[in-house]
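**Q**
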Amino acid sequence: MALTDIQVTALQPWTKAYRIADASGLCLEASPNGHKLWRFRYRLQAKANMLVRGVYPQVSLKQARLARDEAHLKLAQGVNPSSRVFTRFRPQHLLSSPADVQVHRL
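If you count the sequence shown from 1, you need to add 19 to reach the numbering used here.
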């Protein structure tokens, strides 16, 4: 189920860091010191990766979802979204199957 802005604002710190899933790999990680980070979880070439998309409240829920959608587009093109230059991770013709580029769904 997708998060709402009210739910995100109401998250309280616990003794350990925890994550609350939004949708399509986006989650909010709340740390014990009160910081909240937007993270995008994805798989590239059967390897799990996690990318920080920003700090809440500087990056709103809407902005985090837009950043997640941009990362989905990069993955569909065979580009590693964590690369700053967005160079191709593997040429498209070398991808052996759709399993090489897949998004981790929570």
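By construction, the Cβ of each residue, glycine as well, lies at the ideal position given by its N, Cα and C atoms.
Classify D41: buried if its beta carbon has 16 or more other beta carbons within 10 angstroms, exposed otherwise.
**A** D41 should be labelled buried.
**Q** Which same chain residues end up closer than 8 Å to V104 when comparing Cβ atoms and leaving out the 5 residues on each side of it in sequence?
**A** Note that V104 has pLDDT 46, beneath the 50 cutoff, so the model's placement of it is unreliable and no number is given.
**Q** If you draw a straight line from the C-alpha of W57 to the C-alpha of Q64, how long is it?
**A** Computed Cα separation, rounded: 23 Å.
**Q** Apart from the five residues just before and just after K35, which ones in its own chain have a Cβ nearer than 7 Å to its Cβ?
**A** Excluding sequence neighbours, K35 sits near P51.
**Q** Would you call the CB atoms of L45 and V27 closer than 8 Å?
**A** The answer is no: Cβ separation not under 8 Å.
**Q** Using DSSP with H/G/I as helix, E/B as strand and the rest coil, what is K66?
**A** Reduced to three states, the DSSP call for K66 is strand.
**Q** With a threshold of 16 other CB atoms inside 10 Å of the CB of A95, please say whether the residue is buried or exposed.
**A** Exposed: under 16 other Cβ atoms inside 10 Å.
**Q** Should K66 go down as buried or exposed, given a rule of 16 or more other Cβ atoms within 10 Å for buried?
**A** It counts as exposed.
**Q** Using three-state DSSP, classify L22 as helix, strand or coil.
**A** Here L22 sits in coil by DSSP.
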